Amino acid sequence: MKRHRYTWSIMGSKMKNQVFEHIFELLGYTIFISCLLSCTQQNHGRAYYLSNNGDDGNDGSISAPFKSIGKLNILQLQPGDTVFFAAGQTFTGSILLDASDSGLDKQPVVITSFGAGNATIDGDSATALTLHQCRFVQIKNLQFKGLGRKEGNIKDGIIVNECNNIFLDGLSVKGFQKAGILIYNSSNININHVTATENGFAGISISGTGKKTDCKNINIRNCRVENNPGDPTNFTNHSGNGIIASYCTNVTIEYCTATNNGWDMPRKGNGPVGIWCYEADSVIIQHCISYRNRTAPGAADGGGFDFDGGVTNSIIQYCLSYENEGSAFGLFQYAGAGNWYNNTIRYCISENDGSISPAHAGVFVWNSSGDPDQLKDCYFYNNTIYNAKGAAISYEPQSLHSNFHFYNNIFVGRDSLIIGENSGSNFLGNNWYSLKDGFNIKDSRTLQEWFATGRQEGYNGKVVGLNINPQFDSASTRITNPDSLKYFNKYQLVPSSALRKGGINLEQAFNINTGGKAFNQNDAPVNGIGAVF
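Position 503 of the sequence shown, counted from 1, bears residue number 502 in numbering that gives the first Met the number 0, the numbering being contiguous throughout.
This is the structure we're talking about:
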């Protein structure tokens, strides 16, 4: 031992370095091979190819592809398998995947296109893709089409039923009578960069059997739902929605656009909305645009956004609504729904909404349950409602509600600023301006008169509301891309405006955490009024 220690000590530094380098080199090769084997194991799986020039008797390789969806349906896809459809080609039929066609967390089953562009799956009169009890499946870069909502298709385009961990990305879905995409009784679903158009009931729909826990953890991002006119066979309920979420918990809808939906609903009565939810909990709708949505002649709704019956603990924020036939923000409760409570709308903008349907206002409150405790605890603050065609807020005759708090908003209307009975609402720190009269709420022509008669806009014994012309540009809005919302400063206050510091510090006064960000994601002053700073 002594001799060995001595020998090691007299080795030159160069030789020691060479020994160390050799050891590290061997170690590095071992680690590399280990990682390579591990990665190969994690990503193992077969690639199947489909082409119009293929044959179902082939082995499905890229050089000998299959031909039909029927062949795909009899395969039992394994974790890590990928199915490639030839881009630019159309494949007729209905893709059917079930529990036996499931992947794993790091080894999903993938169905996609190969080559330049996307392949098309033609569902004809049926559903183009059904996932039933699947896990860890990704559907990417494909087009799905049906015969048309009035031309023979009577189904949904894509159905995700009793599934979890599903990713839908880079898809277009059109020509189906029901929903373009239906998520039903499923969890951990991500929908990204989907265009849904020319469908009947809705572009994208989330639903379940009747409980808020039926669907959980759903994310819808960067989607466009456009020109989904209505279901021609539905004469008993609404249709023609953009995105609708029901029987669900923990849903995020962000950076989405809804436009020109609902114009061909075949009935009069309750109607469609651009982006909305009912019987839902913990829904966040943010950074979205809903504009020029419609409803059937003589029918209701046709609005931008809506928290409807049974919605709880949910938020609409940083959203833009304009020129919808119905109100920008529907706050609704229908008889038989679960209680509606603890919902927030903040830092949003409405421009010229509600001029066609019965709302005639940017904000519409309605409650057919007859019980004010079933529609309660709403926090509506730091929004800008501009309506040169009607009122700022409308209360339908059936609109009993309680603890609705309107703080630090800018309300601009054509003449009368409020329609209907607002006894369940509390207004503090808002700015009111009538384009025709300066101030006009019911029989009051000044803010001081309204304070004296209705005791609104009073805090600690003094008037805290304002009646100032915010000097907004009256030109019509044209923005259509949610990515541009952070640059949309049309309703930003002039630097000298008293509204920048004229409101109430909501955290200090009511312990409300406002998030600190304005509509355009600039820092929001703690006592600013309106949505944009």
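For glycine and all other residues, C-beta sits at the position ideal for the given N, C-alpha and C. Keep in mind the model is a prediction, meaning the values are calculated, not measured.
Residue i versus residue j - alpha carbon distance
{"i": "Ala517", "j": "Pro231", "result": "41 Å"}
{"i": "Leu76", "j": "Ser62", "result": "20 Å"}
{"i": "Asn504", "j": "Tyr183", "result": "42 Å"}
{"i": "Asn488", "j": "Gly361", "result": "19 Å"}
{"i": "Asn535", "j": "Gly69", "result": "It is not possible to answer for residue 535, since the shown part of the chain is limited to 0 through 532."}
{"i": "Cys377", "j": "Ile478", "result": "29 Å"}
{"i": "Ala451", "j": "Phe532", "result": "31 Å"}
{"i": "Asn152", "j": "Ser171", "result": "17 Å"}
{"i": "Ser424", "j": "Leu399", "result": "10 Å"}
{"i": "Val493", "j": "Gly529", "result": "12 Å"}
{"i": "Val159", "j": "Ser443", "result": "54 Å"}
{"i": "Ile188", "j": "Asn163", "result": "6 Å"}
{"i": "Pro271", "j": "Arg220", "result": "21 Å"}
{"i": "Gly460", "j": "Arg134", "result": "60 Å"}
{"i": "Glu324", "j": "Asp300", "result": "7 Å"}
{"i": "Lys211", "j": "Glu278", "result": "6 Å"}
{"i": "Gly156", "j": "Thr119", "result": "12 Å"}
{"i": "Gly59", "j": "Tyr48", "result": "5 Å"}
{"i": "Leu446", "j": "Leu416", "result": "12 Å"}
{"i": "Pro107", "j": "Ile165", "result": "9 Å"}
{"i": "Ser186", "j": "Ala244", "result": "13 Å"}
{"i": "Gly309", "j": "Ala195", "result": "26 Å"}
{"i": "Gln88", "j": "Asp121", "result": "10 Å"}
{"i": "Val462", "j": "Trp449", "result": "10 Å"}
{"i": "Ile288", "j": "Tyr254", "result": "8 Å"}
{"i": "Glu225", "j": "Asn216", "result": "24 Å"}
{"i": "Ser99", "j": "Phe83", "result": "19 Å"}
{"i": "Tyr380", "j": "Phe403", "result": "11 Å"}
{"i": "Tyr317", "j": "Asp436", "result": "30 Å"}
{"i": "Thr208", "j": "Arg499", "result": "47 Å"}
{"i": "Pro64", "j": "Thr91", "result": "16 Å"}
{"i": "Gly335", "j": "Ile392", "result": "25 Å"}
{"i": "Val364", "j": "Arg45", "result": "55 Å"}
{"i": "Arg266", "j": "Phe331", "result": "20 Å"}
Same chain, Cβ closer than 6 Å to residue i, five either side skipped, listed in chain order
{"i": "His43", "result": "Gly79"}
{"i": "Ile138", "result": "Ile110, Leu167"}
{"i": "Phe328", "result": "Phe304, Ile344, Val362"}
{"i": "His237", "result": "Asn269, Gly270, Pro271"}
{"i": "Pro228", "result": "Gly239, Trp262, Asp263"}
{"i": "Asn408", "result": "Asn382, Asn429"}
{"i": "Gln142", "result": "Asn117, Thr119, Ser171"}
{"i": "Asn521", "result": "Phe532"}
{"i": "Ser354", "result": "Lys388, Gly389"}
{"i": "Ser204", "result": "Ala178, Leu181, Ile243"}
{"i": "Leu465", "result": "Asn430, Gly501"}
{"i": "Thr258", "result": "Glu225, Tyr290, Arg291"}
Close Cβ partners of residue i (< 7 Å) along its chain, the five nearest in sequence each way excluded
{"i": "Leu95", "result": "Asn72, Thr129"}
{"i": "Ala387", "result": "Asn351, Arg413, Leu434, Ser473"}
Simplified DSSP state of residue i, which is helix, strand or coil
{"i": "Phe65", "result": "strand"}
{"i": "Asp370", "result": "coil"}
{"i": "Gln397", "result": "strand"}
{"i": "Asn509", "result": "According to the sequence as given, residue 509 is Phe; it is not Asn. Residue state, collapsed to three classes: helix."}
{"i": "Lys105", "result": "coil"}
{"i": "Thr490", "result": "For the record, residue 490 in the displayed sequence is Tyr; it is not Thr. The answer is coil: DSSP assigns Tyr490 none of H, G, I, E or B."}
{"i": "Ile283", "result": "strand"}
{"i": "Lys267", "result": "coil"}
{"i": "Asn441", "result": "Here residue 441 is Lys; the residue named in the question, Asn, does not match the sequence. Coil."}
{"i": "Ala298", "result": "coil"}
{"i": "Ser496", "result": "coil"}
{"i": "Ser349", "result": "strand"}
{"i": "Leu74", "result": "coil"}
{"i": "Ser289", "result": "strand"}
{"i": "Leu434", "result": "coil"}
{"i": "Leu146", "result": "coil"}
{"i": "Lys154", "result": "coil"}
{"i": "Lys485", "result": "helix"}
{"i": "Ser50", "result": "coil"}
{"i": "Cys276", "result": "strand"}
{"i": "Trp365", "result": "strand"}
{"i": "Leu376", "result": "The identity of residue 376 in the sequence shown is Asp, whereas the question assumes Leu. The answer is strand: DSSP assigns Asp376 an E or B state."}
Cβ neighbours of residue i in the same chain (closer than 8 Å, five flanking residues each side left out)
{"i": "Glu506", "result": "Asn512, Thr513, Val525"}
Would you be able to state if there are at least three C-beta pairs under 8 Å between the stretch 173-180 and the stretch 195-215? yes
Mind listing, in chain order, the continuous alpha helix (DSSP H) runs of no fewer than 4 residues lying wholly within the stretch 444-481? 446-453
Across the stretch 371-388 and the stretch 331-350, are there enough close Cβ pairs to call them in contact, namely three or more that are closer than 8 Å? yes
Does the stretch 279-289 touch the stretch 244-251, meaning 3 or more C-beta pairs lie closer than 8 Å? yes
Are the stretch 468-478 and the stretch 414-422 touching, with three or more C-beta to C-beta distances below 8 Å? no
Would the stretch 313-333 count as touching the stretch 463-470 if we require 3 or more Cβ pairs under 8 Å? no
Extract the residue ranges of the beta strand (DSSP E) inside the stretch 170-233, only unbroken runs of 3 or more that lie entirely within it. 178-183, 186-196, 201-206, 214-220, 223-225
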